[in-house]
Amino acid sequence: MLEFPTQLYLILGWMSIVVAFLTFHLVSKNAALKRRIHPWLIAALGALFVIVASWSTGSWWYALVAIVLAIIGVPLAIKLVRFCSACGLTVFYGVGLIKLNYCPRCGSRLDQ
Ligand SMILES: [Zn+2]
């Protein structure tokens, strides 16, 4: 188990990567690029989550919980995000997992 400041730095580092990832999705209007790299980034974030959770705690139980969360969360995070080809908006499913077929910004049909 790592000492407290190191744990905090690892968690803050992981959260910084997540914030940078979300900022990219919100700022970039290139839907093709986002559609191409999104699954890889989500998988990398899931792997980093497992590494940070298990390394910082030093516990197999936390590692197991992190692996289960990643196995559930990574495919969901890939499946529940779509991109508008017309305006480049990243479209997350709404509250209650309601599937959107049209872009909430420009009204174009979402094709993914
Ligand atoms: Zn749109």
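For reference, each letter of the sequence shown is one residue, going 125 to 236 in my numbering. Ideal placement from N, C-alpha and C gives every residue a C-beta, glycine not left out.
Membership of R160 in the alpha helix (DSSP H) is indicated by the continuous run 155-181. The distance from the Cβ of L169 to that of R206 is about 18 Å, inconsistent with a contact at the 8 Å cut-off. Going down the chain, each residue whose beta-carbon is closer than 6 Å to a heavy atom of ligand 1 shows up: C208, A210, C211, L213, C227, R229, C230, S232. Secondary structure note for A187: its alpha helix (DSSP H) is the uninterrupted segment 184-203. Spanning the alpha carbons of S178 and G231 requires a straight line of approximately 43 Å.
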